Amino acid sequence: MAQYALLIYTPTVRETDLNPDELAAHDLHARAITESGAMVAAFALEPADSTATSVRGDAVTDGPFLDAKEVVAGFCIIEAPDLDAALAIARSNPINQQGGGVEVRPVEGGFTADRSATG
Amino acid sequence: MTDPAAVESAVADAHRRGWGIVLAATARLARDLDLAEECVQEAYAAALISWRRDGIPDNPQAWLTTTAKRRAMDAMQRERVLRSKLPLLVEPEETHGEWEDAAVNDPLELAVEDAEDVVPDERLRLIFMCCHPALAQEAQLALTLRLVCGVPTSDIARAFLVPETTMAARMTRAKKKIVTTRIPFRVPRSAELPDRLRGVLGVVHLLFTMGHTAPSGSSLMRSDLVDSSLHLARMLRELMPDEREVRGLLALLLVTDARRATRVDDQGRLLRLEDQDRSRWNPSAIAEAHGLIVDALRAGPPSRYVLQAAIASLYAEAPTFDDTDWAQIVSLYDALLVAWPSPVVALNRTVALAMVAGPATALGEVERLERGGALAEYHYLQAIKADLLQRLDRPVEALRAYEAALALVDNDAEREFLDGRIAALQRDR
Numbered sequence: 000m001a002q003y004a005l006l007i008y009t010p011t012v013r014e015t016d017l018n019p020d021e022l023a024a025h026d027l028h029a030r031a032i033t034e035s036g037a038m039v040a041a042f043a044l045e046p047a048d049s050t051a052t053s054v055r056g057d058a059v060t061d062g063p064f065l066d067a068k069e070v071v072a073g074f075c076i077i078e079a080p081d082l083d084a085a086l087a088i089a090r091s092n093p094i095n096q097q098g099g100g101v102e103v104r105p106v107e108g109g110f111t112a113d114r115s116a117t118g
Numbered sequence: 000m001t002d003p004a005a006v007e008s009a010v011a012d013a014h015r016r017g018w019g020i021v022l023a024a025t026a027r028l029a030r031d032l033d034l035a036e037e038c039v040q041e042a043y044a045a046a047l048i049s050w051r052r053d054g055i056p057d058n059p060q061a062w063l064t065t066t067a068k069r070r071a072m073d074a075m076q077r078e079r080v081l082r083s084k085l086p087l088l089v090e091p092e093e094t095h096g097e098w099e100d101a102a103v104n105d106p107l108e109l110a111v112e113d114a115e116d117v118v119p120d121e122r123l124r125l126i127f128m129c130c131h132p133a134l135a136q137e138a139q140l141a142l143t144l145r146l147v148c149g150v151p152t153s154d155i156a157r158a159f160l161v162p163e164t165t166m167a168a169r170m171t172r173a174k175k176k177i178v179t180t181r182i183p184f185r186v187p188r189s190a191e192l193p194d195r196l197r198g199v200l201g202v203v204h205l206l207f208t209m210g211h212t213a214p215s216g217s218s219l220m221r222s223d224l225v226d227s228s229l230h231l232a233r234m235l236r237e238l239m240p241d242e243r244e245v246r247g248l249l250a251l252l253l254v255t256d257a258r259r260a261t262r263v264d265d266q267g268r269l270l271r272l273e274d275q276d277r278s279r280w281n282p283s284a285i286a287e288a289h290g291l292i293v294d295a296l297r298a299g300p301p302s303r304y305v306l307q308a309a310i311a312s313l314y315a316e317a318p319t320f321d322d323t324d325w326a327q328i329v330s331l332y333d334a335l336l337v338a339w340p341s342p343v344v345a346l347n348r349t350v351a352l353a354m355v356a357g358p359a360t361a362l363g364e365v366e367r368l369e370r371g372g373a374l375a376e377y378h379y380l381q382a383i384k385a386d387l388l389q390r391l392d393r394p395v396e397a398l399r400a401y402e403a404a405l406a407l408v409d410n411d412a413e414r415e416f417l418d419g420r421i422a423a424l425q426r427d428r
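Going line by line, the protein sequences match chains A and B.
Numbered per numbering that gives the first Met the number 0, the first sequence finishes at 118, counting up by one with no gaps.
Numbered per numbering that gives the first Met the number 0, the second sequence finishes at 428, counting up by one with no gaps.
Shown next, in the form of structure tokens:
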């Protein structure tokens, strides 16, 4: 088994306007992956456009690094036996039907502290 | 002592036919592409010496596979501590772990293989791994040539018109991605198979097209790419005999390549289909393609490569250019457009349409495609348009279209052909 990070990208213009059905699709999908045992951790982020702050060296700027058409809206860490299995999970992410996409990256290493994000 | 020349030719033959099998089997054991490649190369070098001394074995492939696997095992045992820290190829099946330990710790498996001369054929796994869509297409092409066909990196670099170091770096990067991201050494499950097979066939077809009409450079054909792609298509046909598209692709390559000798004249100038010497086409390749196409058409609804092959075969089987069954070709193009909607197919259809419905109708279609914009960079559109305009006796517009084609073309032989057409047009006026 290996771990992969799935970076979930959404078009900047769509970041804040997912409708309730679309949001529900994400919840359903996350539950399915969790139940399959593949999910290690999953996070949704506040909109990049209004909340991201970038730090590089000494400089602090408003907004995400690149003024790109797409931004990271969330990410999760999954466990999969090989790339094909990871790609299958990435492909089943509802964002693919919502104008966005998923970047699949093998995890080189890392750790998690024992606490969870609260909102 | 066996005759050195006989040994050399036996080794060369085993290289051409067996490289992929030997490498795939060794890669499955070693689970490390570089180590496998090295061991296979050593096995072929060892064959040159050993076969001269002991005679050529009954099953050269089995001998080479056993030798390469032994070398891999030795290396793995020597470097076990070091290697255990390196990521290995994944082969995630039920047998995982079991075969690995058995193969490494128990020489029995190899002994059995020696006795029965059985070479397990792992080439399909290797092909699907090399053509994985997570790899850039150029890397898929290069890895397939290197690992499945055994083409030296320097030759691949020459075929792709890049320096050898660039090609070597490209392949190293691709192999690293295979290992780091865990692209599996496995034939895809049936749910993924149609998609993945399409990718593999696309790679083989692209290698053929690159070889057949080199997109740039001075010679029209790079025959080593053509030979490798035919070799791959035959291999796939042998390994996946029930796949109709595999049959279709092999037929398409065979029938296209049957005209290899006549595509250019003695000076290397491009010849049009109607000007080619049909008596020099390869009748056995055309007949073999015909058989494959008939079988594939009987087996189910027509698919992309089968239809493309059927069209090419109709062109090739006509005794003369004028005897070509144009109406049948147009209707096959109509079916192809349903199976594979593509502007290039629609453009090629206009050539046959001109013969059935006249150049004016065909020109209307070409202009409609031109307005569509998808073929703006495709010099054949302008070349076909020019030819139709010329037949409609509109030389000024024809000249303009030939010049537009000339501006888009990269291949010297094709450029010279267009220059010739332009010169002829200017002469006639």
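Quick reminder that beta carbons are idealized off the backbone N, C-alpha and C, glycines included.
Note that the structure is a prediction, hence the values are computed from the model and not measured.
Top-ranked residue by Cα proximity to residue i, from the options
i, options, result
"A135 (chain B)", "B:D154, B:I177, B:R122", "B:I177"
"E273 (chain B)", "B:A284, B:S283, B:A317, B:E402", "B:A317"
"R104 (chain A)", "A:T15, A:R114, A:I77", "A:I77"
"W280 (chain B)", "B:L296, B:R268, B:R258", "B:R258"
"G267 (chain B)", "B:T25, B:T66, B:L47, B:E415", "B:E415"
"K68 (chain A)", "A:R30, A:I88, A:Y8", "A:Y8"
"G98 (chain A)", "A:Y3, A:D16, A:Q2, A:A1", "A:D16"
"F74 (chain A)", "A:N18, A:V39, A:T11", "A:V39"
"G363 (chain B)", "B:L352, B:A373, B:G372", "B:L352"
"C130 (chain B)", "B:K174, B:R52, B:L253", "B:K174"
"E36 (chain B)", "B:A46, B:W18, B:W50, B:R51", "B:W18"
"P358 (chain B)", "B:L63, B:A397, B:L336", "B:A397"
"L291 (chain B)", "B:V245, B:R271, B:Y332, B:R262", "B:V245"
"R440 (chain B)", "B:G201, B:A46, B:R124", "Any property of residue 440 (chain B) remains undetermined from this structure, which presents chain B solely from 0 to 428."
Cβ-Cβ distance between residue i and residue j below 8 Å
i, j, result
"T152 (chain B)", "A167 (chain B)", "yes"
"A133 (chain B)", "L82 (chain A)", "yes"
"D223 (chain B)", "D322 (chain B)", "no"
"A150 (chain B)", "L231 (chain B)", "The sequence shown places Val at residue 150 (chain B), not Ala. No; because the gap between Cβ atoms is not below 8 Å, this pair is not in contact."
"A229 (chain B)", "A308 (chain B)", "Going by the sequence as given, residue 229 (chain B) is Leu instead of Ala. It is not a contact, given that the beta carbons lie outside the stated cut-off."
"R122 (chain B)", "L238 (chain B)", "yes"
"R157 (chain B)", "E137 (chain B)", "no"
"I310 (chain B)", "I285 (chain B)", "no"
"V21 (chain B)", "V6 (chain B)", "no"
"A9 (chain B)", "K68 (chain B)", "no"
"E376 (chain B)", "L407 (chain B)", "yes"
"A385 (chain B)", "P342 (chain B)", "no"
"D276 (chain B)", "T261 (chain B)", "yes"
"G62 (chain A)", "A51 (chain A)", "yes"
"A72 (chain A)", "A43 (chain A)", "yes"
Below-8 Å beta-carbon distance, residue i vs any chain A residue
i, result
"V10 (chain B)", "no"
"R181 (chain B)", "yes"
"A444 (chain B)", "The structure shown does not extend to residue 444 (chain B), since chain B spans only 0 to 428, so no value can be given for it."
"V365 (chain B)", "no"
"V89 (chain B)", "yes"
Rounded separation between residue i and residue j - CA only
i, j, result
"E97 (chain B)", "Q139 (chain B)", "Caution is warranted here: a pLDDT of 39 is assigned to E97 (chain B), below 50, making its placement in the model unreliable, and no coordinate value can be reported."
"Q96 (chain A)", "A47 (chain A)", "21 Å"
"P187 (chain B)", "A85 (chain A)", "14 Å"
"L32 (chain B)", "M128 (chain B)", "11 Å"
"D105 (chain B)", "H14 (chain B)", "Confidence is the limiting factor: at D105 (chain B) the pLDDT is only 47, short of 50, which leaves the residue's position unreliable and the question unanswerable from this model."
"G56 (chain A)", "L65 (chain A)", "16 Å"
"S35 (chain A)", "P93 (chain A)", "17 Å"
"E402 (chain B)", "R348 (chain B)", "23 Å"
"D241 (chain B)", "N58 (chain B)", "27 Å"
"L296 (chain B)", "A338 (chain B)", "14 Å"
"T60 (chain A)", "V12 (chain A)", "21 Å"
"E78 (chain B)", "R197 (chain B)", "39 Å"
"A422 (chain B)", "I126 (chain B)", "47 Å"
Residue-chain proximity (residue i, chain B), Cβ-Cβ < 8 Å
i, result
"T5 (chain A)", "It is Leu, not Thr, that sits at residue 5 (chain A) in the sequence shown. L5 (chain A) does not count as touching chain B."
"A119 (chain A)", "Residue 119 (chain A) is absent from the structure shown; chain A starts at 0 and stops at 118."
"A1 (chain A)", "yes"
"P105 (chain A)", "yes"
"P93 (chain A)", "no"
"L44 (chain A)", "no"
"P19 (chain A)", "no"
"P63 (chain A)", "no"
"D81 (chain A)", "yes"
"V12 (chain A)", "no"
Unbroken stretches of the alpha helix (DSSP H), 4 residues or longer, contained in the stretch 205-252 of chain B: 222-238
Sequence ranges, alpha helix (DSSP H) only - wholly within the stretch 324-358 of chain B, length at least 4: You should have 325-338, 342-356.
Segments assigned beta strand (DSSP E), at least 3 residues, entirely inside the stretch 80-118 of chain A: 100-105
Complete beta strand (DSSP E) runs within the stretch 6-90 of chain B (minimum length 3 residues, chain order): none
Complete beta strand (DSSP E) runs within the stretch 8-71 of chain A (minimum length 3 residues, chain order): 38-43, 52-55, 58-61
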